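Some notes on the structure that comes next.
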Amino acid sequence: MVPQLIALDMDGTLLDPQGQLPPDFAELTELARSQGATLIPASGRQLATLQLMFPEFSTFIAENGAVVMRDGDIIATFPLPVEVVERVLDASATLPAEHTLVLCTPAGAFIERDIPDHAVAEIAKYYKAVTWVDDLTAVQHDNIIKIAAYCQDGSEANLAPTIDDVVQDHNVAISGKVWLDVMADGVDKGAALTAMAELSSIPLAETAAFGDFLNDYELLRTAGLAVAMDNAHPQLKEIADIIAPSNADNGVATVLRGLFAGAPTSDLSIS
248 MVPQLIALDM
258 DGTLLDPQGQ
268 LPPDFAELTE
278 LARSQGATLI
288 PASGRQLATL
298 QLMFPEFSTF
308 IAENGAVVMR
318 DGDIIATFPL
328 PVEVVERVLD
338 ASATLPAEHT
348 LVLCTPAGAF
358 IERDIPDHAV
368 AEIAKYYKAV
378 TWVDDLTAVQ
388 HDNIIKIAAY
398 CQDGSEANLA
408 PTIDDVVQDH
418 NVAISGKVWL
428 DVMADGVDKG
438 AALTAMAELS
448 SIPLAETAAF
458 GDFLNDYELL
468 RTAGLAVAMD
478 NAHPQLKEIA
488 DIIAPSNADN
498 GVATVLRGLF
508 AGAPTSDLSI
518 S
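Just so you know, we're using my numbering here: the sequence shown kicks off at 248 and counts up by one.
What follows is the structure in structure tokens.
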């Protein structure tokens, strides 16, 4: 059976190592529609960025599940408690490595002006709707749906231990080698896929998800069919039904074409 909802992570999954969409993505999208399947970009990127990348799409899982859009309407946003935002900002001064914080709202992101050039370049990949401010503590904190932290020296080792302790029960996702995201408790891509499936009256058994990093873990656990890329984090490969070729080898397209052709899932895994 072809999955009806197919969630696609972006970086390290659908996009190639240069951050580009596969050359055959438009053809793949039409093939999915002909099979009654909906492709859903599911990313830590903000909604505005995803809409620019996919102007023909109207359904998205953005900000690692903190913003969910279906058929052009935002159906769910999940703000962080104000006190959690303030605790993270207070703890920022004690973090052991140089880092940059991004306060994310459904409409855009707030970033301090005085940040290194390498941080500006990295942030520009993921955040197109940005307001530059002098001080994040002066920003209104009651509609922050995600705090992203960028650390060139590595997010997992340098940021996660302190941030985990500060936010306590709220969700900390390692979304890349240099990125860490904080969302409200229970917010992740998997919860967003569940909400999307329920509104669409589609059983989770008829969903699929593709991912490569730890912020995709709950997404793959939730989906009826879990696909990890060959370049994925080992923890994702442990729970995957299919190991796809790497993002450098257009693995998403390879597996989707096989699924649409009715191939057994056992024939689609490279290991």
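We treat Cβ as the ideally placed atom computed from N, Cα and C, and that holds for glycine.
Since this is a predicted model, take the numbers as computed values, not measurements.
If you check the beta carbons only, do Ile421 and Glu445 fall under 8 angstroms apart?
Residue mapping note: residue 421 aligns to position 174 of the sequence shown, counting from 1. Residue mapping note: residue 445 aligns to position 198 of the sequence shown, counting from 1. No; because the gap between Cβ atoms is not below 8 angstroms, this pair is not in contact.
Within 10 angstroms of its Cβ, does Asp436 collect 16 or more other Cβ (buried), or is it exposed?
Position 189 of the sequence shown, counted from the start, is the residue given in the question as residue 436. Note that residue 436 is Lys in the sequence shown here, rather than Asp. Its Cβ being crowded by 16 or more others within 10 Å, Lys436 is buried.
Excluding the 5 residues flanking Leu359 on each side, which residues of the same chain have their C-beta closer than 8 angstroms to its C-beta?
Within the sequence shown, residue 359 is the residue found at index 112, counting from 1. Note on identity: in this sequence residue 359 is Glu, with Leu being the wrong assignment. Closer than 8 angstroms at Cβ, skipping near neighbours: Thr347, Leu348, Trp379, Val380, Asp381, Asp382, Leu383.
Given a threshold of 16 other Cβ atoms within 10 Å of its Cβ, counted over all protein chains shown, does Lys372 qualify as buried or as exposed?
Numbered from its first residue, the sequence shown carries residue 372 at position 125. That one is exposed.
Pick from Phe272, Glu277, Gly291, Val502 that is closest to Leu461, judged by C-alpha positions
Along the sequence shown, read from residue 1 onward, the residue named residue 461 stands at position 214. Closest by alpha carbon: Gly291.
Where does Ala340 land, buried or exposed, given buried means 16+ other C-beta within 10 angstroms?
Mapped onto the sequence shown, residue 340 falls at position 93. Exposed, because fewer than 16 other Cβ atoms sit within 10 Å of the Cβ of Ala340.
Give me, in chain order, the residues of the same chain whose beta-carbon lies closer than 7 angstroms to that of Asp477; leave out the 5 immediate sequence neighbours on both sides.
Working through the sequence shown from its first residue, we reach residue 477 at position 230. Answer for Asp477: Ile490, Ala491, Pro492, Ser493, Gly498, Ile517, listed in chain order.
Tell me the rounded alpha-carbon separation between Phe272 and Ala407.
Locating residue 272 in the sequence shown gives position 25, counting from the first residue. Locating residue 407 in the sequence shown gives position 160, counting from the first residue. Near 35 angstroms, if we compare the C-alpha coordinates of Ala407 and Phe272.
Whole-Å CB distance - Val192 paired with Ala487, under 8 angstroms assumed:
Residue 192 cannot be examined here, being either before or after the span of the chain that is shown, 248 to 518.
Helix, strand or coil, according to DSSP, for Ile287 in the structure here?
Here residue 287 is taken as the residue at index 40 of the sequence shown, counted from 1. Strand, per DSSP.
Check whether the Cβ atoms of Leu451 and Ala470 sit closer than 8 angstroms, and answer yes or no.
As a first step, residue 451 must be located in the sequence shown, where it is residue number 204. As a first step, residue 470 must be located in the sequence shown, where it is residue number 223. Cβ distance < 8 angstroms, so Leu451 and Ala470 count as in contact.
Taking the straight line between their C-alpha atoms, what separation do you get for Val315 and Ala510?
On the sequence shown, position 68 is the one that residue 315 refers to. On the sequence shown, position 263 is the one that residue 510 refers to. Each residue's Cα considered, the two are about 31 angstroms apart.
Grouping DSSP H, G and I as helix and E and B as strand, with all else coil, what is Phe280?
What you label residue 280 is simply residue 33 of the sequence shown in a count that begins at 1. First, the residue type needs correcting, since residue 280 is Arg and not Phe in the sequence shown. Three-state DSSP puts Arg280 in a helix.
Tell me the start and end of each unbroken beta strand (DSSP E) in the stretch 318-352 that is at least 3 residues and wholly inside, in chain order.
320-324, 347-351
Have a look at Ala356, Cys398, Asp320, Thr454 and flag the residue whose alpha-carbon is nearest the alpha-carbon of Gln387.
Walking along the sequence shown from the start, residue 387 turns up at place 140. For Gln387, the nearest C-alpha among the options comes from Ala356.
Determine which residues share a DSSP beta bridge with Asp428 and list them.
Against the sequence shown, residue 428 aligns to sequence position 181. DSSP, once it has assigned bridges, lists Ala395, Ala420 as partnering Asp428.
Using only the alpha-carbon positions, how far apart do Met430 and Ala279 sit?
Taking the sequence shown and counting its residues from 1, the one referred to as residue 430 is at position 183. Taking the sequence shown and counting its residues from 1, the one referred to as residue 279 is at position 32. Approximately 31 angstroms between the Cα atoms of the pair.
Rounded C-alpha distance that separates Val335 from Val413
As a first step, residue 335 must be located in the sequence shown, where it is residue number 88. As a first step, residue 413 must be located in the sequence shown, where it is residue number 166. About 7 angstroms.
Alpha carbon to alpha carbon, how far is Gly319 from Thr306?
Translated into positions along the sequence shown, residue 319 becomes position 72. Translated into positions along the sequence shown, residue 306 becomes position 59. Between Gly319 and Thr306, the C-alpha separation is close to 6 angstroms.
Could you give the C-beta distance for Ile321 and Pro353, rounded to a whole number, given that I count them as a contact under 8 angstroms?
Translated into positions along the sequence shown, residue 321 becomes position 74. Translated into positions along the sequence shown, residue 353 becomes position 106. Right, their Cβ atoms sit about 6 angstroms apart.
How would you label Asp400, buried or exposed, when you count the other beta carbons within 10 angstroms and need 16 or more for buried?
For this step, residue 400 is matched to residue 153 along the sequence shown. Looking at its Cβ environment, which holds fewer than 16 other Cβ atoms inside 10 Å, Asp400 is exposed.
Buried versus exposed, by CB contacts within 10 Å (16 or more), Val434
What you label residue 434 is simply residue 187 of the sequence shown in a count that begins at 1. Buried, because 16 or more other Cβ atoms sit within 10 Å of the Cβ of Val434.
Since I believe Thr285 is in contact with Leu255 (beta carbons under 8 angstroms), could you give me their beta-carbon distance rounded to a whole number of angstroms?
One-based indexing of the sequence shown puts residue 255 at position 8. One-based indexing of the sequence shown puts residue 285 at position 38. Incorrect: roughly 11 angstroms between the Cβ atoms, too far for contact.
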